[in-house]
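Student:
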Amino acid sequence: MKERLLNSALTVGGFEIPNRVVFQPMEGCDCEVDGRPSTLTIKKYMRAARSHAGLIWFEANAVCPEGRTNPRQMMLTRENLSAFKALTEEMRAAARAEGVPSPILILQLTHSGRQSITPMIAYRHPIYEEKRPVTDENIVSDEYLDTLPALYGASAALAIEAGFDGVDVKSCHGYLLQELLSAFTREGKYGGAFENRTRLYLDCVRAAKNAMPKEALLTTRLGVSDMIPRPYGFGTDESGNLDLDEPDRLISLLQAEGVRILNVTVGNPYYNPHINRPYRMGTYTPPEAAEAGLARFAFAEKHIKEKFPALAVVGSGLSYYREDLIERSEALLLDGVCDLVGYGRMTLAYPNFYKDEKNGCFDPKKCCVACSKCTALMRRGRVSGCAVFLDHYRKLYKESDV
Ligand SMILES: Cc1cc2nc3c(=O)[nH]c(=O)nc-3n(C[C@H](O)[C@H](O)[C@H](O)COP(=O)(O)O)c2cc1C
Ligand code: SF4
1 MKERLLNSAL TVGGFEIPNR VVFQPMEGCD CEVDGRPSTL TIKKYMRAAR SHAGLIWFEA
61 NAVCPEGRTN PRQMMLTREN LSAFKALTEE MRAAARAEGV PSPILILQLT HSGRQSITPM
121 IAYRHPIYEE KRPVTDENIV SDEYLDTLPA LYGASAALAI EAGFDGVDVK SCHGYLLQEL
181 LSAFTREGKY GGAFENRTRL YLDCVRAAKN AMPKEALLTT RLGVSDMIPR PYGFGTDESG
241 NLDLDEPDRL ISLLQAEGVR ILNVTVGNPY YNPHINRPYR MGTYTPPEAA EAGLARFAFA
301 EKHIKEKFPA LAVVGSGLSY YREDLIERSE ALLLDGVCDL VGYGRMTLAY PNFYKDEKNG
361 CFDPKKCCVA CSKCTALMRR GRVSGCAVFL DHYRKLYKES DV
């Protein structure tokens, strides 16, 4: 095995992450209707467990039924807890059987807000509403928002019971907690001033922290910019350029709350998908070169890493690199851009990429081609997986391509 920073352990709090490889959260829309993992979901996570990755970041898990994007979104509850517990135990056993330490397991907690089955929006957004029309009736009340920290706390407590090492209070990709960050035009305690727009996110982070044992890992996936012009975007100026002043203020507050790992992401997959996941091919024509998007990610991550050296930063958006993935990841680590390297689509296409690399049998032909057909499956209301390399999803993609 080559000497690489990628293969080295990283200590965060009381946890040792065995290497720097992170499986990013990848929603499969394939859970049972009660929110527990189905056979398909279990297959995906068992593949992940055998991959030798250091950290597996579970997909978006709704904290309440009305916050689900689809009827098959993951949702851990008291009633289905044993199914999650069985899965985390099997995953740890599978890693041991591979002769590697158990990966760290994080559950991503979410409320889908505008993308819920019935849209629950923070404020009227002229840009998003071109795609999904809503009315004032869809605006969530302050009283409703007041109830959410308790739900995040309850889900965090359940996650620990289910065998996770910690949780992610998700605030990215336009879902509720992130939409509130740009609620400049909302009135009341959750809109307008920075303190109001960040209030619910910080309350949910605090609730999750207080509900878990002190040593549990508190993490967050933060969309540091949705690249939509202010006042309808966060982390941008009026022209839509990246502006990290407010994200910096927010990250400093998150760190003070005890967040230890910050998974950095950018963009809104429903509005500007190329920003969140650079494309190599497919039917969507991105308005910028993929390299520009990758440079934006690296810039934002390095900026955060330099300002907050004690935070473990996870880099995103890397599947585009294909056969160069390992070398590019190593370069990001060596350049101090991030501490952990996150892979999304690559984990669906070629879950063993890291193990194969370590064993000297990495196969470039198996790499994700960054076409985002997996996302198209989700948008078509199907279960999601790699529609290029896995028969089951390739068939579904063909059938739904009308
Ligand atoms: C099918 C699909 C499902 C996704 N599900 C989630 C999710 O549940 N939570 C999340 O934070 N991001 C999700 N993402 C975004 C990925 O985690 C990742 O940030 C993105 O794909 C860019 O990384 P990549 O270039 O390595 O794929 C999803 C992306 C895809 C394509
Ligand atoms: S469908 Fe497969 S190859 Fe295409 S982006 Fe998704 S994971 Fe990669």
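Going by the numbering used here, the sequence shown opens with residue 1, and the numbers climb by one from there.
For glycine and all other residues, C-beta sits at the position ideal for the given N, C-alpha and C.
Computed from a predicted structure; not experimentally measured.
Start and end of the alpha helix (DSSP H) containing Thr11?
Tutor: Here residue 11 refers to the residue found at position 11 of the sequence shown. Element bounds for Thr11: not the alpha helix (DSSP H) but the beta strand (DSSP E), Leu10 to Val12.
Student: Please find out if some non-hydrogen atom of ligand 1 comes closer than 6 angstroms to the beta-carbon of Thr198.
Tutor: Start at 1 with the first residue of the sequence shown, and residue 198 comes out as number 198. Result no, Cβ not under 6 angstroms from ligand 1.
Student: Pull the bridge partners of Val21 from the DSSP assignment, please.
Tutor: Residue mapping note: residue 21 aligns to position 21 of the sequence shown, counting from 1. Paired residue(s): Val341.
Student: Given this structure, state the Cα-to-Cα distance separating Gly14 from Tyr397, to the nearest angstrom.
Tutor: Walking along the sequence shown from the start, residue 14 turns up at place 14. Walking along the sequence shown from the start, residue 397 turns up at place 397. Approximately 43 angstroms between the Cα atoms of the pair.
Student: In terms of alpha-carbon separation, which member of His52, Met120 and Asp245 lies closest to Pro351?
Tutor: To locate residue 351, count along the sequence shown from 1; it is residue 351. Answer by Cα proximity: His52.
Student: Over the uninterrupted beta strand (DSSP E) stretch that includes Asp324, give me the two end residues.
Tutor: The sequence position of residue 324 within the sequence shown is 324, counting from 1. Note, Asp324: premise wrong, no beta strand (DSSP E); not H, not E.
Student: In whole angstroms, give me the CA-to-CA distance for Gly191 and Ser102.
Tutor: Here residue 191 is taken as the residue at index 191 of the sequence shown, counted from 1. Here residue 102 is taken as the residue at index 102 of the sequence shown, counted from 1. Looking at the two C-alpha atoms, the distance is approximately 42 angstroms.
Student: According to DSSP, is Gln115 part of a helix, a strand, or is it coil?
Tutor: Position 115 of the sequence shown holds residue 115. Helix.
Student: In angstroms, rounded to a whole number, what distance separates the CA positions of Asp356 and Gln24?
Tutor: In the sequence shown, the residue the question calls residue 356 occupies position 356. In the sequence shown, the residue the question calls residue 24 occupies position 24. Looking at the two C-alpha atoms, the distance is approximately 19 angstroms.
Student: DSSP beta-bridge partners for Thr110?
Tutor: On the sequence shown, position 110 is the one that residue 110 refers to. Thr110 pairs with Ala62.
Student: Between Met26 and Met346, what straight-line distance do the alpha-carbon atoms span, to the nearest angstrom?
Tutor: Mapped onto the sequence shown, residue 26 falls at position 26. Mapped onto the sequence shown, residue 346 falls at position 346. Met26 and Met346: Cα-Cα distance of roughly 10 angstroms.
Student: Taking 7 angstroms as the cut-off, decide whether the C-beta atoms of Gly293 and Val22 are in contact.
Tutor: Position 293 of the sequence shown, counted from the start, is the residue given in the question as residue 293. Position 22 of the sequence shown, counted from the start, is the residue given in the question as residue 22. In this structure, Val22 does not lie closer than 7 angstroms to Gly293 by Cβ.
Student: Name the two residues that bound the continuous beta strand (DSSP E) containing Ser225.
Tutor: Here residue 225 refers to the residue found at position 225 when the sequence shown is read from its first residue. It spans Leu217 to Ser225 - the beta strand (DSSP E) in which Ser225 sits, taken as one unbroken run.
Student: Select from Phe299, Arg230 and Thr375 the residue whose C-alpha is nearest the C-alpha of Pro273.
Tutor: Within the sequence shown, the letter at position 273 stands for residue 273. Among Phe299, Arg230 and Thr375, the Cα nearest to that of Pro273 belongs to Thr375.
Student: Which runs of the beta strand (DSSP E), 3 residues or longer, sit entirely within the region 230 to 309?
Tutor: You should have 261 to 266.
Student: Under the DSSP definition of a beta bridge, which residues are partnered with Ser171?
Tutor: For the purposes of this step, residue 171 is taken as residue 171 along the sequence shown, with counting starting at 1. Looking at the DSSP assignment, Ser171 forms a beta bridge with Leu222.
Student: Give the DSSP bridge partners of Leu55, in chain order.
Tutor: Here the question's residue 55 lines up with position 55 in the sequence shown. According to DSSP, which records beta bridges pairwise, Leu55 is partnered with Val22 and Ile104.
Student: Which of helix, strand or coil does DSSP assign to Glu16?
Tutor: Within the sequence shown, the letter at position 16 stands for residue 16. Glu16 falls in the strand class under three-state DSSP.
Student: What first and last residue would you give for the beta strand (DSSP E) that runs through Val314?
Tutor: Taking the first residue of the sequence shown as 1, we reach residue 314 at position 314. Where Val314 is concerned, the enclosing beta strand (DSSP E) stretches over Ala312 to Gly315.
Student: Considering only the alpha carbon of each residue, which of Leu222, Gly267 and Val266 lies closest to Gln255?
Tutor: As a first step, residue 255 must be located in the sequence shown, where it is residue number 255. Out of Leu222, Gly267 and Val266, Leu222 has the C-alpha closest to the C-alpha of Gln255.
Student: Please list the segments of the beta strand (DSSP E) lying wholly inside the region 175 to 205, counting only runs of 3 or more residues, in order along the chain.
Tutor: Entirely contained in the region 175 to 205, not one beta strand (DSSP E) run reaches 3 residues.
Student: Which of the three DSSP states is assigned to Ile42 in this structure?
Tutor: Counted from its first residue, the sequence shown places residue 42 at position 42. Ile42 falls in the helix class under three-state DSSP.
Student: DSSP has Met74 in a bridge; who is on the other side?
Tutor: Here residue 74 corresponds to residue number 74 of the sequence shown, with the count starting at 1. Paired residues: Asn61.
Student: Is Gly166 helix, strand or coil by DSSP?
Tutor: Numbered from 1 along the sequence shown, position 166 holds the residue referred to as residue 166. Three-state result, Gly166: strand.
Student: Alpha carbon to alpha carbon, how far is Gly99 from Met227? Give it in angstroms, no decimals.
Tutor: Taking the sequence shown and counting its residues from 1, the one referred to as residue 227 is at position 227. Taking the sequence shown and counting its residues from 1, the one referred to as residue 99 is at position 99. Taking the straight line joining both Cα atoms gives about 43 angstroms.
Student: In this structure, does DSSP put Ile121 in helix, strand or coil?
Tutor: In the sequence shown, the residue the question calls residue 121 occupies position 121. Three-state DSSP puts Ile121 in a strand.
Student: Could you check whether the region 103 to 111 touches the region 158 to 168, counting it as contact only if at least three pairs of C-beta atoms, one from each stretch, sit closer than 8 angstroms?
Tutor: Touching, yes.
Student: What is the DSSP secondary structure of Ile139, counted as helix, strand or coil?
Tutor: Counting from one through the sequence shown, the residue named residue 139 turns up at place 139. Strand.
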